[in-house]
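Position 173 (the sequence shown) corresponds to 172 in numbering that gives the first Met the number 0; numbering is contiguous. We put the CB at the ideal spot given by N, CA and C, even for glycine. From a predicted model like this one, the values you see are computed outputs, not experimental measurements.
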Amino acid sequence: MNQRLLTGAALAVSGVVLAAMQVFHAVQQTRIPVAVAVDALPFVAMGLAVTYAGVWLARDTAFEGATSRVAAWAAGGTVTFAAVAALLLFSQRVTSGSLARASYLTVDLVTVGALAGVLVGLYDARSRSRLRELAAERDRVEAFAGKAADVNNYGRAIASAPSVDGVAAFVVEAFGTMTDMEETAVIQLRDGDAVALANTVRTVPVDVVAEFAQAVRAQEQGAVIVHDRPFPVDIPESVTDCVSTVVLDDEDETTVVISVTTDETTVGEEDQKLLELLVSHASVRMATLDRQSADEEPTGQ
0 MNQRLLTGAA LAVSGVVLAA MQVFHAVQQT RIPVAVAVDA LPFVAMGLAV TYAGVWLARD
60 TAFEGATSRV AAWAAGGTVT FAAVAALLLF SQRVTSGSLA RASYLTVDLV TVGALAGVLV
120 GLYDARSRSR LRELAAERDR VEAFAGKAAD VNNYGRAIAS APSVDGVAAF VVEAFGTMTD
180 MEETAVIQLR DGDAVALANT VRTVPVDVVA EFAQAVRAQE QGAVIVHDRP FPVDIPESVT
240 DCVSTVVLDD EDETTVVISV TTDETTVGEE DQKLLELLVS HASVRMATLD RQSADEEPTG
300 Q
């Protein structure tokens, strides 16, 4: 049983005990039902509120890792109000009360202190959890902004690349930077042949990479696809993830990007959108270079 369940169970039991003691003390003081209700109900409700908070704490995983703070606040509230009760009991204005009345006052204040401590503890735990969520969201936004800036920079570099090989080199570098996949290949498929325009893949043989490119060439142009096992082709077991995209799909040739990694990595939806924007830059530049090459051929003859 983990700490959250133990703390929640302890609070729930404590709340029940406090509620039972309130009922017992109320019955000891009077047998009149209305008087018992008036005297006991507010404090019984507080004890049951502590029980409810304990059950909530045990069932809600959002408090995982923060239960010690809730327990500390509950203990602090209980001790603080018990100390207040002691000061009141030993003051000149209360010393004339009976021992039974002193126990009633102590239990009342302990009940109030326990509830106050639990409520403050739950609020503190929730606040800290929210701060952690905000910090994680801030880091995510900053990371996204950095990747968006990378897309912009690589887009400008791709737009000025003098050759298809230059575009492929920038694409390989960009995919490695943005996905943490250090192994990327740009494969050009034409007439059943496969040519590696740029290739940093070491884990998978180049012929298997080409086979993978052939298997995914029917994908929609520009769409970035994240592949999980089983892959379309036989790839070494050390490869955990793979990303592919068709950069350019003409009638005669198809250019495919394949990225693989041996480490666990996550390419989220936002990363896919950024990569698709990068691929669109590469697609436009490759198409432009192909047209320029076609226009220059007759002149050369």
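Residue j beta carbon less than 8 angstroms from that of residue i
i, j, result
"Thr-260", "Glu-132", "no"
"Ile-234", "Ala-212", "no"
"Asp-227", "Thr-264", "no"
"Phe-42", "Thr-110", "yes"
"Ser-237", "Phe-174", "no"
"Leu-87", "Gly-53", "no"
"Ala-217", "Val-232", "no"
"Thr-253", "Leu-196", "no"
"Val-171", "Thr-199", "yes"
Where residue i falls, given that 16 or more other Cβ within 10 Å makes a residue buried
i, result
"Ala-134", "exposed"
"Leu-17", "buried"
"Val-150", "buried"
"Asp-251", "exposed"
"Phe-169", "buried"
"Asp-206", "exposed"
"Arg-3", "buried"
"Gly-154", "buried"
"Ala-19", "exposed"
"Asp-107", "buried"
C-alpha gap between residue i and residue j, whole angstroms
i, j, result
"Leu-277", "Val-203", "24 angstroms"
"Ser-243", "Thr-66", "44 angstroms"
"Glu-69", "Leu-121", "A small correction: the amino acid at residue 69 is Val; Glu does not occupy that position in the sequence shown. Cα to Cα, the separation comes out at about 6 angstroms."
"Thr-6", "Glu-141", "37 angstroms"
"Val-12", "Ser-102", "20 angstroms"
"Asn-1", "Thr-60", "11 angstroms"
"Glu-302", "Ala-193", "Any question about residue 302 goes unanswered here, given that the chain covers just 0 to 300."
"Gln-271", "Ala-222", "8 angstroms"
"Arg-137", "Pro-32", "57 angstroms"
Cβ shell of residue i (< 6 angstroms), same chain only, five flanking positions each side left out
i, result
"Ala-303", "Summary: the structure shown does not reach residue 303, with the chain confined to residues 0 through 300, and so no result is reported for it."
"Val-166", "Ile-157, Ala-160, Ala-281, Arg-284 and Met-285"
"Ala-81", "Val-109"
"Leu-288", "Val-163"
"Ala-124", "Phe-62, Ala-65, Arg-68 and Val-69"
"Val-15", "Thr-50"
Residues near residue i by beta carbon distance below 7 angstroms, same chain, minus five either side
i, result
"Gln-91", "Reliability fails at Gln-91, whose pLDDT of 49 lies under 50, so the model's placement of it is uncertain and the value that follows must be treated cautiously. Excluding sequence neighbours, Gln-91 sits near nothing in its chain."
"Leu-273", "Lys-146, Ala-147, Val-150 and Met-177"
"Ala-8", "Gly-53 and Ala-57"
"Phe-89", "none"
Identified DSSP bridge partners for residue i
i, result
"Asn-198", "Ala-184"
"Arg-189", "Asp-192 and Glu-252"
"Ile-257", "Ala-184 and Ser-243"
"Ile-224", "Ser-243"
Other residues of its chain near residue i: CB distance less than 8 angstroms, five sequence neighbours each side excluded
i, result
"Val-119", "Trp-72 and Gly-76"
"Gln-220", "Val-245, Val-246, Leu-247, Asp-248 and Ser-282"
"Ser-128", "Ala-61, Phe-62 and Ala-65"
Residue i: CB within 7 angstroms of a non-hydrogen atom of the ligand ZN
i, result
"Thr-202", "With respect to the ligand ZN, the structure offers nothing, as it holds no ligand at all."
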